[in-house]
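In what follows, a structure is listed as structure tokens, so that the remarks can point back to it.
Numbering (the working numbering), first residue to last: 14 to 130.
This is how it looks when you write it as structure tokens:
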């Protein structure tokens with residue numbers, strides 16, 4: 014899924030790393046003048062609930078000789094070892110972000126926003 018993060022007030026900014034400022038004493042980093050509130054993951058919950066309800070409806074069919082597809086869920090972020098190179102002997106360790114499994118990406122989701130204090 015695409016990143017679901019936006020500035021809560023304007024929805025125009027996206028998170029960025031702080032940039033150094035050139036001063037008499039060299040490059041320096043300064044703290045932000047005020048905190049920024051970010052909205053994150055506001056469509057993922059709606060997508061999971063919709064996919065789970067669709068999977069529950071489809072489960073009522075005949076079992077036959079097919080196995081069941083995995084239920085909609087978010088796979089946890091984790092380190093994963095990939096084999097690469099000639100003879101697949103080289104091991105590459107990469108970080109995999111959270112992955113939506115068996116969830117269709119639909120732009121027509123109506124988000125449910127619950128303010129958290």
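All C-beta atoms, glycine included, are put in the ideal place defined by N, C-alpha and C.
Asked, Found
"Supposed contact pair residue 41 and residue 31 - C-beta distance, whole angstroms, cut 8 Å", "Residue 31 to residue 41, Cβ: 10 Å. No contact."
"Helix, strand or coil at residue 127 according to DSSP, with G and I counted as helix", "coil"
"Residue 70 (DSSP reduced to helix, strand or coil)", "helix"
"Backbone secondary structure at residue 19 - three-state DSSP", "strand"
"CB of residue 18 within 8 Å of CB of residue 53, strictly", "yes"
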